[in-house]
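Student: Offset between the sequence shown (1-based) and my numbering: plus 44.
Note that the Cβ used here is the ideal one computed from N, Cα and C, for glycine as well.
Since the structure is predicted, the reported quantities are computational estimates derived from the model, not experimental observations.
Below is a structure I'd like to ask you about.
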Amino acid sequence: MKINPFNPIHLKKISKIINYKIDEFIGHFYDLEKTLSQLDTRPPSLNFELTNICNAKCVFCGYQYQERAKSIMSEQVFNKALADYIELGGGDIFLTPIVGDSLLDPNFLNRVYTFRKEPKIRDIRLITNGILLDRFGIEEVVRSGINGIFISTAGFQEEMYQRVYRNNSYQRMRDNVLALLETRERLGISLDITIGLRSDRPLVEVMKDPDFQPILKYKPEIDFTWSFYDFGGKIKESDLLGTMKMRQVAADKKTQPCKNLYDGPIVLPEGVVMACYCAAAMDAIEDLSIGNIMNESLGEIWTGYQRQKLIAQFEKGGNLNPTCSACTAYRNLDFYRSSKGRRFGSENEARVKGEKIDSSYHERLHY
């Protein structure tokens with residue numbers, strides 16, 4: 045894909061990457077093992093896959109090939125996972141399903157209210173395709189206490205949207221996004237809204253689409269990607285369209301544990317706890333499950349043998365399980381050398397000690 049280096053969004057992303065790399069380099073003078081040991085004591089964040097059901101069939105997403113039974117998280121699983129996390133000191137909540145859309149959970153809004161009532165929960169962040177934002181009322185969602193909403197969309201041109209997301213809900217999605225931005229401004233509520241573009245056309249073209257212009261007036265954060273994961277080999281290069289490319293990671297680059305193993309686990313609807321929330325984890329319960337929230341406490345699962353075994357497999361001479369070996373979502377530990385990563389470690393240690401954590405905005409680990 046050709047990149048126009050003078051596009052403001054490209055410039056912002058390039059600047060962010062450069063600053064991040066400088067921060068990482070400086071971080072090599074700090075003790076990485078100290079940060080990792082701080083993260084090992086308890087999950088720094090907790091992901092809830094409220095449902096693995098989706099109302100889109102995106103060309104780049106493995107949902108279309110999912111083998112897991114489709115379900116919605118029960119009250120028993122939800123309450124147990126949240127109670128365990130609160131007992132460990134709480135922190136940030138991510139409604140980031142491996143596949144699926146949290147808004148298809150009929151209890152979605154009540155569950156957000158439940159999170160927000162807990163003093164030990166700081167950020168609540170949602171990733172959604174935006175189709176069902178109006179299901180619970182746009183104003184109710186904005187007032188719910190959610191700190192951030194990331195809207196994954198092909199963009200704001202109907203033909204492209206239908207090609208990439210393969211559903212007929214374009215107008216509803218577009219109206220919802222516009223209403224969300226308008227409502228945030230009208231109410232004056234602090235809510236991070238990011239438009240995540242997954243387009244099959246060059247960004248410079250997508251940004252000029254007429255339907256996008258009223259949305260851009262509200263100055264939402266814009267994220268974009270043209271590099272996609274293969275969902276454990278289920279998505280092929282031939283599935284992708286236009287400017288989309290398959291992300292590649294050489295196996296010999298996996299010389300240290302994956303960052304995802306330290307970010308925090310994901311609880312699946314049936315209670316299985318996965319060490320990793322990445323795309324390759326979709327059907328990889330045998331390789332990436334570290335316990336079941338209904339059988340053990342979250343703390344026991346996080347510090348237990350199964351997660352430590354996954355971390356140890358990356359050591360020199362270790363044999364990676366099939367999922368991790370083939371995974372294109374692998375990320376090394378450089379993030380935890382950065383000032384932000386070190387801060388997460390320090391905050392995690394403070395929660396173990398029961399100390400008060402700054403409640404000001406804190407950037408997400410993995411939007």
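1. Count the other C-beta atoms from every protein chain shown that fall within 10 angstroms of the C-beta of E131, then say buried if there are 16 or more, exposed otherwise.
2. Which runs of the alpha helix (DSSP H) spanning at least 4 residues fall entirely within the region 203-255, listed in chain order?
3. Below 8 Å on the Cβ atoms is my guess for L94 versus I116; work out the distance and round it to an integer in Å.
4. For the 8 Å Cβ check, are there 3 or more pairs between the region 370-377 and the region 289-304?
5. Residues in its own chain within less than 6 Å of L247 by CB, not counting five upstream and five downstream?
6. What would DSSP say about G398, mapped onto helix, strand or coil?
7. When you compare only the Cα positions, how much space is there between G240 and R112?
8. Considering only DSSP beta bridges, list what M290 is partnered with.
9. When the Cβ atoms of the region 307-324 are set against those of the region 133-153, are three or more pairs found closer than 8 Å?
10. Could you work out which residue in E314, K280 and I310 is closest to V103 when comparing CA atoms only?
11. Could you tell me which of R166, A125, L170 and G135 sits nearest to L432, measuring between CA atoms?
12. Quick check: the Cα distance between D327 and E391, rounded to an integer number of angstroms?
13. What do you reckon, are the CB atoms on I237 and P254 nearer than 8 Å?
14. Output needed for M45: all residues of its chain with C-beta closer than 8 Å, excluding positions within five of it in sequence on either side, in chain order.
15. Buried or exposed: which applies to R86, given that a residue is buried once 16 or more other Cβ atoms fall within 10 Å of its Cβ?
Tutor: This is what the structure gives:
1. Stepping through the sequence shown from its first residue, residue 131 is reached at position 87. Exposed.
2. 214-231 and 247-250
3. The sequence position of residue 94 within the sequence shown is 50, counting from 1. The sequence position of residue 116 within the sequence shown is 72, counting from 1. Their Cβ separation, rounded to whole angstroms, is 7 Å, which keeps L94 and I116 in contact under 8 Å.
4. Enough Cβ pairs lie closer than 8 Å, so yes.
5. By one-based count along the sequence shown, residue 247 stands at place 203. Excluding positions up to five away in sequence, the list reads F268.
6. Counting from 1 along the sequence shown, the entry for residue 398 is found at position 354. Reduced to three states, the DSSP call for G398 is coil.
7. Here residue 240 corresponds to residue number 196 of the sequence shown, with the count starting at 1. Here residue 112 corresponds to residue number 68 of the sequence shown, with the count starting at 1. Straight-line Cα distance between these residues: approximately 26 Å.
8. Counting from 1 along the sequence shown, the entry for residue 290 is found at position 246. The partner list for M290 (beta bridge, DSSP) reads F272.
9. yes
10. Numbered from 1 along the sequence shown, position 59 holds the residue referred to as residue 103. Measuring from the Cα of V103, the nearest candidate turns out to be K280.
11. Outside the displayed span of the chain (45 to 411) sits residue 432, for which this structure offers no information.
12. Taking the first residue of the sequence shown as 1, we reach residue 327 at position 283. Taking the first residue of the sequence shown as 1, we reach residue 391 at position 347. D327 and E391: Cα-Cα distance of roughly 32 Å.
13. Here residue 237 refers to the residue found at position 193 of the sequence shown. Here residue 254 refers to the residue found at position 210 of the sequence shown. No, the Cβ-Cβ distance between I237 and P254 is not below 8 Å.
14. What you label residue 45 is simply residue 1 of the sequence shown in a count that begins at 1. Note that M45 scores a pLDDT of 46, beneath 50, so its modelled location is shaky and nothing firm can be said.
15. Numbered from 1 along the sequence shown, position 42 holds the residue referred to as residue 86. The residue in question, R86, is buried, as its Cβ has 16 or more Cβ neighbours within 10 Å.
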